[in-house]
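Here the protein sequences come in this chain order: A and B. Residue numbering for the first sequence follows this note's numbering, starting at 1 and increasing by one per position. Residue numbering for the second sequence follows this note's numbering, starting at 101 and increasing by one per position. Worksheet for the structure shown next.
Protein chains: 2
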Amino acid sequence: MADLFEALSAPARRAILDELRERDGQTLFELCTRLAMKHDLALTRQAISQHLDVLESVGLLTTKRESRYKYHFLNTSPLQAIVDRWLTPKGKDEVS
Amino acid sequence: MADLFEALSAPARRAILDELRERDGQTLFELCTRLAMKHDLALTRQAISQHLDVLESVGLLTTKRESRYKYHFLNTSPLQAIVDRWLTPKGKDEVS
DNA sequence: ACTATAGGCAAGTCATGACTTGCCTGTCAA
DNA sequence: TTGACAGGCAAGTCATGACTTGCCTATAGT
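So, in structure tokens, the structure goes:
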């Protein structure tokens, strides 16, 4: 896949971003439980894991493995591309 | 469908937004030809039309029928939701 | 050594969205 | 009124992505 917009198209992945925004650096299991609780997201651990893979592949999150645990960190900078693409004033010949 | 992110997930639809940003208020046929030319987008008129329906349903474009012609106008304001959701500084309890 | 915990790999099901083809409606010009 | 042009409706094909189930690896604790 590896496409930013494609990655954002799944509600579950957006919920993950929301959740990480509230509490950064969670592990897979933490995310599973908290998504089920606060976001009414009842998914398999596998499903969440796959979503995390996608999000990481497009740069929306970074990970850090530490012995048994793998922590997930939100990175919203790729989203800036959206702003740059359509939300900036036009300018006859793109400001380069 | 009627979901902003879902709408953005199709490359063809993003190309349409790009094209309308360059030249607003185009008709379906104008879009067809210009997309084929400048964006290497070889799609049926029907395909484009369906994409336009989706984009309109999520508010990314507005239309104005005028006798034989239907003009399409870009509206990027829904995209602001993305910025508000993830690109704004956090704030312990959402600035409301 | 054994068990529990955290995570990964792989294959399979299922639904939905992208695109096509075929035909129909409406408006303008000769 | 006939033909050309702009657009719409509907059904069908096809691929891909979301999610599951089942099993495997690795680290830590007792």
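For glycine and all other residues, C-beta sits at the position ideal for the given N, C-alpha and C.
Terminal residues of the alpha helix (DSSP H) in which residue i lies
i	result
ARG145/B	145–157
HIS139/B	128–139
LEU4/A	4–8
LEU117/B	111–122
Option in the options with minimal Cα separation from residue i
i	options	result
ARG134/B	ALA115/B, TRP186/B, GLN146/B	ALA115/B
ILE48/A	LEU28/A, HIS39/A, PRO89/A	LEU28/A
PHE105/B	SER67/A, THR63/A, ILE82/A, LEU31/A	ILE82/A
TYR171/B	GLN180/B, LEU179/B, GLN126/B	GLN126/B
LEU141/B	LEU117/B, ASP184/B, ARG168/B, THR163/B	LEU117/B
First and last residue of the uninterrupted beta strand (DSSP E) at residue i
i	result
LYS164/B	161–166
LYS170/B	169–174
Check whether residue i and residue j have beta carbons under 8 Å apart
i	j	result
SER157/B	ALA110/B	no
PHE173/B	LEU161/B	yes
GLN87/A	THR188/B	Note that residue 87/A corresponds to Leu in the displayed sequence, not to Gln. Result no, Cβ atoms of LEU87/A and THR188/B do not sit closer than 8 Å.
ARG113/B	LYS90/A	no
Per-residue burial, residue i [other beta carbons within 10 Å of its own, 16 or more giving buried]
i	result
SER196/B	With a pLDDT of 47 at SER196/B, under the threshold of 50, the modelled position of that residue is not reliable, and no figure is offered here.
GLU19/A	buried
ARG23/A	exposed
ALA7/A	buried
Contact set between the region 176–187 of chain B and chain A, restricted to residues whose Cβ is under 8 Å from the partner: Near chain A, meaning a CB-to-CB distance below 8 Å, the residues of the region 176–187 of chain B are THR176, LEU179, GLN180, ILE182, VAL183, ARG185, TRP186, LEU187.
Going along the region 21–36 of chain A in order, which residues come within less than 7 Å of chain B, judged by CB to CB distance? The residues in question are ARG21.
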